[in-house]
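Worksheet for the structure shown next.
In full-length UniProt numbering, the protein residues as written are 1 to 251.
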């Protein structure tokens, strides 16, 4: 049977989501916990990969196993077994063909920025103290919605079939004691959000002109875009799936 596990993690201690040799990852820790508690080797397929140091408020992965009648009890046992920086919220019964990565129709990220030195955000946000114009940054962000090719924001030598993404929402807002950039798309390229934020910061400080954004996107050249901001400020916040994938009769 196929299950979706819904979980979150604070990424500081991990070299991203995906299993890697000689580096600790979230996938490795989650697979070990499931395999130990279910007493059988369990492999999980995530909704996507997050880079080293990136956090996830909502992440999904699928795995196959025999009938698990009490999924709530398994959630409880996993949370007792997992380290403090990984938490499981739910385990969903799914239709057999459901795929955590390929069936996701939308993903959202937030990037957190604080405008003055703040020890309570040391591991949670990027600190930028120089003057920024949020209005012009939002004008630049709006331009993203008119484009489909985001190769200029992709990590170099990325092995993907296409650099096309459908960006549906991109906006900066002041939220309590921080600035938050929210972006939603059907898919994201490696390093894409951090490169976009770095470019928007260049616009906000006047280093890059607003009218240059379209040219940067058209160039398809990573060197034309801004530098990537630190991973610690990036959060995967939402992964959306069609409702028909969830087997409501079972759970």
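The C-beta atom is built at its ideal place from N, Cα and C for all residues, glycine as well.
Asked                                                                                                                  : Found
Residue range of the unbroken alpha helix (DSSP H) whose run includes residue 192                                      : 192 to 204
The segment 1 to 18 touching the segment 194 to 201, judged by at least three CB pairs closer than 8 Å                 : no
Helix, strand or coil at residue 77 according to DSSP, with G and I counted as helix                                   : helix
Inter-residue CB distance, residue 224 and residue 216 (contact presumed, cutoff 8 Å)                                  : 5 Å
Close-in-space but distant-in-sequence residues of the same chain around residue 35 (CB under 8 Å, 5 per side omitted) : 41, 42
Nearest-angstrom Cα separation, counted from residue 82 out to residue 131                                             : 42 Å
Length of the line joining the Cα atoms of residue 75 and residue 67                                                   : 15 Å
Sheet register partners of residue 6 (DSSP bridge)                                                                     : 60, 90
CB-CB length for residue 94 against residue 4, believed under 8 Å                                                      : 5 Å
Pairwise C-alpha distance: residue 48 and residue 2                                                                    : 18 Å
Identity of the residue in 177, 186, 72 nearest residue 125 by Cα                                                      : 177
C-alpha distance - residue 179 paired with residue 113, whole-angstrom precision                                       : 5 Å
Proximity below 8 Å, CB of residue 86 to CB of residue 30                                                              : yes
Contact under 8 Å by Cβ, residue 205 with residue 153                                                                  : no
Per-residue burial, residue 88 [other beta carbons within 10 Å of its own, 16 or more giving buried]                   : buried
Residue 106 versus residue 10 - alpha carbon distance                                                                  : 21 Å
Separation of residue 141 from residue 170, as counted between CA atoms                                                : 6 Å
Counted within 10 angstroms of its Cβ, other Cβ atoms place residue 183 as buried (16 or more) or exposed              : buried
Close Cβ partners of residue 78 (< 6 Å) along its chain, the five nearest in sequence each way excluded                : 33, 88
Opposing strand residues paired with residue 149 [DSSP bridges]                                                        : 164
CB-CB length for residue 56 against residue 236, believed under 8 Å                                                    : 4 Å
First and last residue of the uninterrupted beta strand (DSSP E) at residue 108                                        : 106 to 114
Continuous beta strand (DSSP E) stretch holding residue 182: start and end                                             : 178 to 185
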